[in-house]
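Read in order, the letters of the sequence shown are residues 65 to 329 in my numbering.
Backbone N, C-alpha and C define an ideal beta-carbon position, used for all residues, glycine too.
What you are looking at is a predicted structure, and each value in this text was computed from that prediction instead of being measured.
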Amino acid sequence: MDALDGMRTLPEVCIPLTVTSPPFDSIRSYGGHRWDHETFTALARELWRVTMPGGIVCWNAQDQIAKGGQTGTSFRQALYFMGLGFRLHNTLLIEKQVTRGINPVRYGVTPEFVFVFSKGRPRSINLIRDKPNKHAGKLLRYSTRDRAGVISTTKKVLTKPFGARPSIWRYTTGGRATATDRYAFEHPALMPEALARDLILSWSHPLDVVLDPLAGAATTCKAALLADRYYLGFEVHEPYHRLAERRLSDAHDAYRRRLLDESGS
Numbered sequence: 065m066d067a068l069d070g071m072r073t074l075p076e077v078c079i080p081l082t083v084t085s086p087p088f089d090s091i092r093s094y095g096g097h098r099w100d101h102e103t104f105t106a107l108a109r110e111l112w113r114v115t116m117p118g119g120i121v122c123w124n125a126q127d128q129i130a131k132g133g134q135t136g137t138s139f140r141q142a143l144y145f146m147g148l149g150f151r152l153h154n155t156l157l158i159e160k161q162v163t164r165g166i167n168p169v170r171y172g173v174t175p176e177f178v179f180v181f182s183k184g185r186p187r188s189i190n191l192i193r194d195k196p197n198k199h200a201g202k203l204l205r206y207s208t209r210d211r212a213g214v215i216s217t218t219k220k221v222l223t224k225p226f227g228a229r230p231s232i233w234r235y236t237t238g239g240r241a242t243a244t245d246r247y248a249f250e251h252p253a254l255m256p257e258a259l260a261r262d263l264i265l266s267w268s269h270p271l272d273v274v275l276d277p278l279a280g281a282a283t284t285c286k287a288a289l290l291a292d293r294y295y296l297g298f299e300v301h302e303p304y305h306r307l308a309e310r311r312l313s314d315a316h317d318a319y320r321r322r323l324l325d326e327s328g329s
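Below, the structure written as structure tokens:
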């Protein structure tokens, strides 16, 4: 089903979390289905309509290099979301650790972002704490500087073993590091399963509904299921729709096996 057609069937303020990755400019053709600024703005307006107060939209975007420079599409999209009323709650930089050719005129690859938009104050924030603290176990003071430039110091605080990860998220990609289903690579631009999982865990509760209006190979839907959430996805391109159905069927089998193992049956 087309994303807009599907979104228009949903009632208002019903979705607590959306995790999606739109086409990155014109890097891929996706069967010739339309994706342009007009389509984007219509989809963004629908996301505003269906997102509940406190809900989150995680928008994974990257610019194409065209006419000698970056298109800036991701930034224009972010500003449009903000113009609708969304807060830009967090901007994540996604660093995929893969081997790439040398670019003679630019540092590295074009940055990939996840813009985390909230409709008001976020209802769910579960920061992932997997950054080892160098001074774990030590009593330390922390200082802050106010607007007037005055420095204040806290009482001594016991440093925990792990702190919240920074806003740069690093993932090894390729093969099973991207997707555990080999056949999933029939889709040319998979979101890493680990990225979808981490976004879902960070900004939703168990049994929440997670939406992906541009479902592709159903990475978000699969990650939601395995994280004990409900999922809803739309995909217009028939080959990817069939791929998504196969992938979710296998994910449901794996989920049932896990439940049986946990129950000891």
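* Fully enclosed by the stretch 141-187, which beta strand (DSSP E) runs are 3 residues long or longer? -> Taking only runs of at least 3 residues, the beta strand (DSSP E) segments lying wholly in the stretch 141-187 are 151-161, 176-182.
* Beta-carbon separation of A260 and Y235 under 8 angstroms? -> Start at 1 with the first residue of the sequence shown, and residue 260 comes out as number 196. Start at 1 with the first residue of the sequence shown, and residue 235 comes out as number 171. No, they are not a contact pair.
* Asked: How many angstroms separate the CA atom of P339 from the CA atom of D276?
  -> Nothing about residue 339 can be reported from this structure: the residues present for the chain run from 65 to 329 only.
* Backbone CA spacing between E326 and D317 [nearest angstrom] -> For the purposes of this step, residue 326 is taken as residue 262 along the sequence shown, with counting starting at 1. For the purposes of this step, residue 317 is taken as residue 253 along the sequence shown, with counting starting at 1. Between the C-alpha atoms of E326 and D317 there is a straight-line separation of about 14 angstroms.
* Asked: Relative to the alpha-carbon of L204, which residue among A282, F249, T217 has its alpha-carbon at the smallest distance?
  -> Locating residue 204 in the sequence shown gives position 140, counting from the first residue. Looking at the Cα atoms, T217 is the closest of the given residues.
* Asked: Tell me, which residues are paired with V274 by DSSP?
  -> The residue given as residue 274 occupies position 210 in the sequence shown. Answer is L81, Y295, bridged to V274.
* Take the Cβ of S138 as the centre, count every other Cβ of all protein chains shown within 10 Å, and call the residue buried at 16 or more, exposed below. => Mapped onto the sequence shown, residue 138 falls at position 74. By the neighbour-count rule (16 or more Cβ atoms within 10 Å), S138 is buried.
* Asked: If you drop the 5 nearest sequence neighbours on each side, which residues of the same chain put their C-beta closer than 7 angstroms to that of D245?
  -> Counted from its first residue, the sequence shown places residue 245 at position 181. So the list reads R311, D314, once near-sequence residues are dropped.
* For S182, I'd like the list of residues in its chain whose CB is within less than 6 angstroms of its CB, leaving aside the five on either flank, ordered along the chain. => Working through the sequence shown from its first residue, we reach residue 182 at position 118. Only residues of its own chain outside the window of five on either side were considered, and among them I120, R151, H153 have a CB closer than 6 angstroms to the CB of S182, listed in chain order.
* **Under the three-state DSSP convention, the category R234 falls into** => Counting from 1 along the sequence shown, the entry for residue 234 is found at position 170. Reduced to three states, the DSSP call for R234 is strand.
* Asked: Identify the residues that DSSP records as bridge partners of P196: which are they?
  -> To locate residue 196, count along the sequence shown from 1; it is residue 132. In DSSP, P196 forms a bridge with F226.
* Which residue comes first and which comes last in the beta strand (DSSP E) that contains M116? -> Here residue 116 is taken as the residue at index 52 of the sequence shown, counted from 1. In the DSSP assignment, M116 falls within the beta strand (DSSP E) that extends over 115-126.
* Run through DSSP, which three-state label would R98 get? -> Translated into positions along the sequence shown, residue 98 becomes position 34. Here R98 sits in coil by DSSP.
* Beta-carbon separation of Y247 and L290 under 8 angstroms? -> One-based indexing of the sequence shown puts residue 247 at position 183. One-based indexing of the sequence shown puts residue 290 at position 226. For Y247 and L290, no; Cβs fall outside 8 angstroms.
* Roughly how far, in whole angstroms, is the beta-carbon of I232 from the beta-carbon of T174, given that I think they are within contact range, below 8 angstroms? -> Locating residue 232 in the sequence shown gives position 168, where the first residue counts as 1. Locating residue 174 in the sequence shown gives position 110, where the first residue counts as 1. At roughly 15 angstroms, the Cβ-Cβ gap does not stay under 8 angstroms, so I232 and T174 are not in contact.
* P196 to R185, Cα distance in whole Å? -> The residue given as residue 196 occupies position 132 in the sequence shown. The residue given as residue 185 occupies position 121 in the sequence shown. Cα to Cα, P196 sits roughly 29 angstroms from R185.
* **Cβ pair count under 8 angstroms reaching 3, the stretch 99-113 against the stretch 292-307** => Short answer: they don't touch.
* Closer than 7 angstroms by C-beta to R209: which residues in its own chain qualify, once you throw out the five before and the five after it? Chain order, please. => Walking along the sequence shown from the start, residue 209 turns up at place 145. If the five residues before and after R209 are omitted, its C-beta is found closer than 7 angstroms to the C-beta atoms of I215, all from its own chain and listed in chain order.
* To do: Identify, in the order they occur along the chain, each residue of the same chain with its Cβ nearer than 6 angstroms to the Cβ of L278, setting aside the five sequence neighbours on each side.
  => Looking up residue 278 in the sequence shown gives position 214. Here the set comprises A67, T84, P86.
* **Integer-rounded CB distance, given that L81 should sit under 8 angstroms from I264** => The residue you call residue 264 lines up with position 200 of the sequence shown. The residue you call residue 81 lines up with position 17 of the sequence shown. Right, the Cβ-Cβ distance comes to about 7 angstroms (below 8 angstroms), so this counts as a contact.
* Taking C-alpha atoms, which residue in R322, S90, E299 lies nearest to K131? -> One-based indexing of the sequence shown puts residue 131 at position 67. Looking at R322, S90, E299, the one whose alpha-carbon comes closest to that of K131 is S90.
* Ordered along the chain, which non-local residues of its own chain (more than five positions away) have a Cβ less than 7 angstroms from that of F226? -> By one-based count along the sequence shown, residue 226 stands at place 162. Here the set comprises R193, D194, K195, P196, N197.
* So, helix, strand or coil for G70, using DSSP? -> Position 6 of the sequence shown, counted from the start, is the residue given in the question as residue 70. Reduced to three states, the DSSP call for G70 is helix.
* To do: In angstroms with no decimal places, state the Cα-to-Cα distance between K220 and A200.
  => Sequence index remark: in the sequence shown, residue 220 carries index 156 (1-based). Sequence index remark: in the sequence shown, residue 200 carries index 136 (1-based). One C-alpha to the other measures close to 13 angstroms.
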